[in-house]
């Protein structure tokens with residue numbers, strides 16, 4: 001199972017000595033999360049005691065080797081040619097910790113998008129196009145609603161349009177002018193794919209710019225924001241420190 005493994009064994013224990021005599025190098029102090037990942041990759045099972053170890057519980061890997069990267073003295077074990085091809089490790093390297101953390105966040109975001117697309121492959125247009133189109137539909141519903149409820153519905157539509165306004169402002173554009181222009185163009189042309197041209201490409205058609213978002217991600221954003229607002233509205237009083245002193 002193991003082709004090469006050097007300097008990974010901490011000497012000084014009888015168990016390690018006996019294992020090495022039988023050409024079974026061992027590694028001490030492996031974390032619980034790493035153990036679970038190794039078990040998934042190799043197809044093995046985690047056993048707490050030697051007495052419970054059987055051939056059926058052993059995993060399989062082609063190569064286990066120790067490597068060192070950069071100028072650090074820290075070493076790591078690389079397990080290759082595992083029985084399961086579903087477990088993959090991504091090595092992130094950078095000039096300093098800040099760059100590494102930023103790369104990790106970007107990689108995590110990309111994997112979350114991939115996960116959402118696998119879970120639900122439906123997409124919506126980005127660039128604030130979905131929020132503007134939803135705002136138009138919500139306002140149409142408010143026009144057909146009698147009573148004081150229509151004011152709350154219109155407020156929800158206004159909240160939706162805060163997203164494209166923020167996109168325009170962060171892109172150096174006039175938020176009000178950009179939103180008004182796209183809003184009027186969506187209604188006039190009946191094209192819900194029109195959004196904010198953040199890249200100044202000359203077109204606000206998100207389909208041509210290939211700017212998309214996952215539907216499940218957009219749904220989760222709206223649901224979470226709505227839940228937060230509902231929690232705030234349930235607050236009937238606020239106690240300020242020192243107000244009763």
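Numbering (UniProt numbering), first residue to last: 1 to 245.
Think of the CB as a built atom: it goes at the ideal place given N, C-alpha and C, for glycine as much as any other residue.
Beta carbon of residue i nearer than 8 Å to that of residue j
| i | j | result |
| --- | --- | --- |
| residue 238 | residue 127 | no |
| residue 133 | residue 192 | yes |
| residue 18 | residue 25 | no |
| residue 62 | residue 86 | no |
| residue 136 | residue 88 | no |
| residue 124 | residue 107 | no |
| residue 157 | residue 182 | no |
| residue 44 | residue 59 | yes |
| residue 113 | residue 214 | yes |
| residue 130 | residue 218 | yes |
Straight-line Cα distance separating residue j from residue i
| i | j | result |
| --- | --- | --- |
| residue 12 | residue 57 | In this predicted model, residue 12 has a pLDDT of only 49, less than 50, meaning its place in the structure is not dependable enough to derive any value. |
| residue 153 | residue 201 | 34 Å |
| residue 84 | residue 39 | 10 Å |
| residue 33 | residue 46 | 11 Å |
| residue 118 | residue 216 | 11 Å |
| residue 111 | residue 166 | 25 Å |
| residue 35 | residue 93 | 23 Å |
| residue 170 | residue 236 | 35 Å |
| residue 185 | residue 206 | 13 Å |
| residue 174 | residue 204 | 15 Å |
| residue 22 | residue 49 | 18 Å |
| residue 159 | residue 232 | 15 Å |
| residue 115 | residue 105 | 15 Å |
| residue 147 | residue 230 | 20 Å |
| residue 9 | residue 109 | Summary for residue 9: the model assigns pLDDT 45, below 50, so the residue's position carries little reliability; its value from the coordinates is reported in the next sentence. If I take the Cα positions, the gap works out to 37 Å. |
| residue 37 | residue 51 | 23 Å |
| residue 161 | residue 179 | 8 Å |
| residue 177 | residue 164 | 11 Å |
| residue 68 | residue 120 | 40 Å |
| residue 27 | residue 14 | 14 Å |
| residue 234 | residue 220 | 21 Å |
| residue 29 | residue 53 | 19 Å |
| residue 122 | residue 168 | 25 Å |
In DSSP terms, what residue i is bridged to
| i | result |
| --- | --- |
| residue 65 | 78 |
Check: residue i C-beta below 7 Å from any heavy atom of the ligand GDP
| i | result |
| --- | --- |
| residue 81 | Annotation note on the ligand GDP: not contained in the displayed structure, which lists no ligands. |
Checklist entry - Counting pairs of beta carbons, one from the segment 76 to 86 and one from the segment 96 to 111, are three or more of them closer than 8 Å? => result No, the segment 76 to 86 is not in contact with the segment 96 to 111.
Checklist entry - So, do the segment 184 to 201 and the segment 223 to 241 have three or more beta carbon pairs nearer to each other than 8 Å? => result No, the segment 184 to 201 is not in contact with the segment 223 to 241.
Checklist entry - Which whole runs of the alpha helix (DSSP H) in the segment 191 to 215 are 4 residues long or more, in chain order? => result The qualifying runs are 206 to 209.
Next on the checklist: My parser needs the beta strand (DSSP E) runs of 3 or more residues fully inside the segment 113 to 139; what are they?
Outcome noted: The qualifying runs are 123 to 125.
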